[in-house]
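Chains A and B, in that order, give the protein sequences. First residue of the first sequence: 23, per my numbering; consecutive thereafter. First residue of the second sequence: 23, per my numbering; consecutive thereafter. Here a beta-carbon is modelled for each residue, glycine too, at the ideal position from N, C-alpha and C. Report on the structure given below.
There are 2 protein chains.
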Amino acid sequence: MSRVARLAALLEEPLLVIGLPGIEAGQAGVRYLTGLASSNSAVLVEPDGQATLYTDFRYLHRARALGVADVVETPRGLVGALGEILRGRRIGVEAEHVPYAAVRTLEEAGVDVVPRTGLVESLRAVKDEDELAAIRRAAALSDEVFAALSRERFSGRSELELVWWVERSFREAGAGIAFGTIVAAGPTGASPHAEPGERTIEPGVLVTVDAGCVVDGYCSDCTRTFAVGEVSERLRELYALCLDAQLAGLAAVAPGAHGRDVDAASRAPIEVVGLGSAYGHGLGHGVGLQVHEAPVLRPESSDVLEPGNVVTVEPGLYLPEEGIGLRIEDLVLVTEDGCERLTRFPKELLTVA
Amino acid sequence: MSRVARLAALLEEPLLVIGLPGIEAGQAGVRYLTGLASSNSAVLVEPDGQATLYTDFRYLHRARALGVADVVETPRGLVGALGEILRGRRIGVEAEHVPYAAVRTLEEAGVDVVPRTGLVESLRAVKDEDELAAIRRAAALSDEVFAALSRERFSGRSELELVWWVERSFREAGAGIAFGTIVAAGPTGASPHAEPGERTIEPGVLVTVDAGCVVDGYCSDCTRTFAVGEVSERLRELYALCLDAQLAGLAAVAPGAHGRDVDAASRAPIEVVGLGSAYGHGLGHGVGLQVHEAPVLRPESSDVLEPGNVVTVEPGLYLPEEGIGLRIEDLVLVTEDGCERLTRFPKELLTVA
């Protein structure tokens with residue numbers, strides 16, 4: 023069944039999926055349903071499965087070539103035009119992605135707007151064969167790049183040099199970059215969303231590398247922490263603890279598992295040694311057209327895993343007072359009875375030069 | 023006066039600027055006001071100039087290091103936490119950037135939400151000295167890369183090869199990529215938002231290259247159309263027409279000019295020869311932390327230019343039936359009496375090999 027038909031089956035009223043400039047999730051929704059990558063378009067899906075794609079001059083040619091929906095040209099001011107077109111109708115919109123002002127514009131034009139959440143996301147969270155094939159290719163390329171990276175010299179080079187090395191490797195293999203690559207050495211790594219800098223990497227530290235590529239529109243996401251030369255016993259112990267947490271998280275991933283419980287499973291080994299506050303972020307998130315999407319594995323998650331979900335499993339430890347940070351992340355597919363690791367690069371602490 | 027103080031002077035009630043995951047403009051607003059680049063943070067600016075920065079564990083360390091605002095740690099569910107914190111208060115939010123569901127969450131928590139538009143944008147639209155210096159550096163690097171590109175062989179290479187050549191040049195110079203580079207040869211260029219592909223570039227066609235880099239957070243944006251070897255008289259005429267339109271647009275850029283009038287000025291030479299429908303997009307847009315921001319130069323624009331605005335001037339002609347597309351774009355600074363081109367690379371039709 024087509025994606026549009028599967029969405030239609032969930033609808034009480036027509037759903038308008040709007041991809042406005044600078045709003046990633048809406049754009050990803052339009053792309054998922056129609057194949058159109060655009061920063062100014064919308065698709066209206068009717069409960070009977072009809073779909074209409076609205077976009078401006080710039081994307082019209084490509085939209086028509088897709089052949090998956092009726093295409094209607096709108097002016098650049100997409101929301102205003104949709105208000106005119108949909109006046110008097112009862113229309114669902116994605117409340118979590120559509121700006122407040124856009125809903126007001128539709129309402130003021132006479133559209134009876136029904137806020138809806140999670141409809142397209144719930145479809146996107148379960149990957150179909152084509153999507154999974156693209157994610158597998160992206161994950162395999164990540165593995166290759168991490169393997170090649172582990173043979174590079176780290177000490178004496180800057181974090182930014184290695185960022186560029188990783189991103190160049192992805193690009194030369196024909197892939198895109200899923201998010202700004204993180205290479206965080208020593209104290210830089212103590213911030214989970216570290217900003218790589220000109221810091222020269224010295225022997226004796228841990229370096230966290232978090233990188234992902236895009237293949238045919240789909241993302242990979244992988245983190246490994248490397249030891250530069252000999253590192254202290256303290257660093258080895260923390261690494262082993264993080265790996266315990268990561269394996270505990272992986273073991274808890276299964277269909278029917280609650281996102282919050284999988285998160286809790288990974289937290290247990292860290293909390294038992296009193297370091298819970300050093301693991302301040304969630305365990306993981308869905309990955310697909312966006313590098314962060316449903317479902318989420320976090321203490322406050324209400325998601326329940328199902329076969330076909332692709333999620334990250336990435337506990338970390340951050341001790342700014344000691345200048346230490348590390349994280350280990352796999353990308354996994356939820357299967358009928360557990361999970362399959364899509365990231366195959368080894369997870370023992372690898373020593374780099 | 024600090025950016026926060028300038029914003030405070032515009033406020034009737036406290037303004038909450040929220041930078042949520044996947045919502046560019048909100049993130050850019052937080053970054054503009056505080057310096058924090060984060061996908062999950064908010065800043066509350068009070069009319070008296072006090073500022074409080076809310077973010078989660080991942081960004082806390084960096085937020086505190088900025089020293090520009092009180093920093094309050096929130097859980098990952100930022101909007102829910104803000105609802106608790108701001109309950110009972112009258113708070114402005116940016117209606118064009120905040121999702122409908124986030125406004126509802128705040129309201130349900132008891133916040134008296136006032137939708138506001140254009141406040142941070144109006145400040146961001148007028149660049150201060152530091153911002154302008156960064157944009158000048160980005161534009162100068164673009165010039166260098168276009169100059170080097172014009173010495174490269176085009177024919178026999180694919181669009182994607184040249185995309186990578188351009189992006190690698192930016193990255194090797196230490197800059198980021200502002201948006202996916204467009205290299206569109208012959209018929210590919212007939213779509214204004216073309217997707218570069220494996221098409222091998224042949225002699226005799228026009229190739230449109232639209233590229234921008236990021237230096238210290240600020241974008242450049244430049245388009246040039248090159249002739250690959252000898253091209254037909256028809257292509258030369260269309261190029262000359264597009265250049266006329268671009269020069270007419272530039273001549274109309276001045277403080278006090280309305281965005282829609284500058285757009286119209288560029289449209290006149292094209293409409294007079296009956297090709298108006300081939301120029302289906304607006305003339306230009308503001309550029310800064312985002313590659314598309316205020317003010318806009320379009321038929322439906324209500325913006326009025328003022329000194330310190332940085333905008334693109336980029337008419338194009340798209341004739342899919344003939345497989346022809348071209349565009350010429352400069353980045354310009356609105357000055358006290360007109361504009362200054364920040365893009366210096368020549369605009370006559372350059373022939374490449």
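Any chain B beta carbon closer than 8 Å to residue i
i: TYR81 (chain A); result: yes
i: GLN312 (chain A); result: yes
i: ILE292 (chain A); result: no
i: GLU344 (chain A); result: no
i: TRP187 (chain A); result: no
i: GLU328 (chain A); result: no
i: GLU7 (chain A); result: Since the displayed chain A opens at 23 and closes at 375, residue 7 (chain A) lies outside it and no answer follows.
i: PRO36 (chain A); result: no
i: ARG14 (chain A); result: As displayed, chain A neither begins before 23 nor continues past 375, which places residue 14 (chain A) out of reach and without an answer.
i: PRO368 (chain A); result: no
Nearest neighbour of residue i, chosen from the options [CA to CA]
i: VAL115 (chain A); options: A:SER242, A:GLU362, A:ALA64, A:ALA207; result: A:ALA64
i: LEU66 (chain A); options: A:VAL94, A:ALA147, A:ARG86; result: A:VAL94
i: GLU166 (chain A); options: A:GLU35, A:SER191, A:GLY251, A:ALA117; result: A:SER191
i: VAL326 (chain A); options: A:VAL294, A:GLY310, A:VAL309, A:GLY278; result: A:GLY278
i: TYR81 (chain B); options: B:GLY308, B:ASN62, B:TYR240; result: B:ASN62
i: THR139 (chain B); options: A:HIS303, A:LEU145, A:PRO121, A:GLU129; result: A:PRO121
i: VAL356 (chain A); options: A:VAL275, A:ALA290, A:PRO342, A:ARG111; result: A:VAL275
i: LEU371 (chain A); options: A:ARG126, A:LEU265, A:ALA155; result: A:LEU265
i: GLN268 (chain B); options: B:LEU353, B:ARG126, B:ARG111; result: B:LEU353
i: GLY198 (chain B); options: A:GLY198, A:GLY202, A:LEU163; result: A:GLY202
i: ASP150 (chain A); options: A:ARG98, A:VAL335, A:SER24; result: A:SER24
i: GLU35 (chain B); options: B:ASP134, B:ASN331, B:THR373, B:THR77; result: B:ASP134
i: ARG109 (chain A); options: A:GLY89, A:GLU130, A:THR96, A:GLY99; result: A:GLU130
i: SER16 (chain B); options: B:GLY306, B:GLU181, B:TYR301, B:GLU106; result: Nothing about residue 16 (chain B) can be reported from this structure: the residues present for chain B run from 23 to 375 only.
i: ALA50 (chain A); options: A:ARG126, A:ALA87, A:ASP78, A:GLU143; result: A:GLU143
i: LEU88 (chain A); options: A:ALA207, A:ARG53, A:GLU189, A:THR373; result: A:ARG53
i: LYS369 (chain A); options: A:GLU328, A:VAL231, A:ARG159, A:LEU163; result: A:VAL231
i: PRO329 (chain A); options: A:GLU358, A:LEU38, A:ARG349, A:GLY304; result: A:GLU358
CB of residue i within 8 Å of CB of residue j, strictly
i: SER177 (chain B); j: GLU224 (chain B); result: yes
i: GLY345 (chain B); j: PRO209 (chain B); result: yes
i: ALA91 (chain A); j: ALA103 (chain A); result: no
i: GLU351 (chain A); j: ASP243 (chain A); result: yes
i: LEU141 (chain B); j: LEU311 (chain B); result: no
i: LEU42 (chain A); j: THR56 (chain A); result: no
i: PHE367 (chain A); j: ARG246 (chain A); result: yes
i: VAL313 (chain B); j: CYS235 (chain B); result: no
i: GLY308 (chain A); j: PRO321 (chain A); result: no
i: SER288 (chain B); j: PRO337 (chain B); result: yes
i: ALA233 (chain B); j: TYR340 (chain B); result: no
i: GLU118 (chain A); j: ALA123 (chain B); result: yes
i: ALA206 (chain A); j: ALA216 (chain A); result: yes
i: VAL332 (chain B); j: LEU319 (chain B); result: no
Chain-ordered chain B contacts of residue i [CB-CB under 8 Å]
i: PRO121 (chain A); result: ALA117, GLU118, HIS119, VAL120, PRO121, TYR122
i: ARG193 (chain A); result: TRP186, GLU189, ARG190
Cross-chain neighbours of residue i in chain A, by beta carbon under 7 Å
i: VAL125 (chain B); result: TYR122
i: PRO43 (chain B); result: HIS314
First and last residue of the uninterrupted alpha helix (DSSP H) at residue i
i: HIS83 (chain A); result: 79-88
i: ALA233 (chain B); result: First-last for ALA233 (chain B): 228-233, but that is the beta strand (DSSP E), not the alpha helix (DSSP H).
i: TYR122 (chain B); result: 122-130
i: TYR340 (chain B); result: Looking at the DSSP string, TYR340 (chain B) is not in any alpha helix (DSSP H); the run it does join, the beta strand (DSSP E), is 338-341.
i: GLU189 (chain B); result: 181-194
i: ASP285 (chain B); result: 281-294
i: GLY48 (chain A); result: 46-56
i: ALA267 (chain B); result: 255-274
Span of the beta strand (DSSP E) around residue i
i: SER63 (chain B); result: 63-67
i: PHE248 (chain A); result: 244-250
i: GLY41 (chain B); result: 37-41
i: LEU137 (chain B); result: Residue 137 (chain B) is actually Pro in this sequence, not Leu. Element bounds for PRO137 (chain B): 134-138.
i: LEU319 (chain B); result: 315-319
Listed by chain order, chain A residues near residue i by CB distance under 8 Å
i: THR139 (chain B); result: ALA123
Chain A contact for residue i (CB, 8 Å cutoff)
i: ARG282 (chain B); result: no
i: ARG179 (chain B); result: no
Contact list for residue i against chain D, beta-carbon separation under 8 Å
i: ARG98 (chain A); result: Among the protein chains of the structure shown, namely A and B, there is no chain D.
Cross-chain neighbours of residue i in chain B, by beta carbon under 7 Å
i: SER254 (chain A); result: Neighbours of SER254 (chain A) on chain B: none; closest Cβ ~22 Å, over 7 Å.
Where residue i meets chain A, residues with beta-carbon distance less than 9 Å
i: ALA212 (chain B); result: HIS83
Distance cut-off 7 Å: residue i Cβ against heavy atoms of the ligand SAM
i: ARG53 (chain A); result: Judged by which ligands are present, the structure shown has none, so any question about the ligand SAM falls away.
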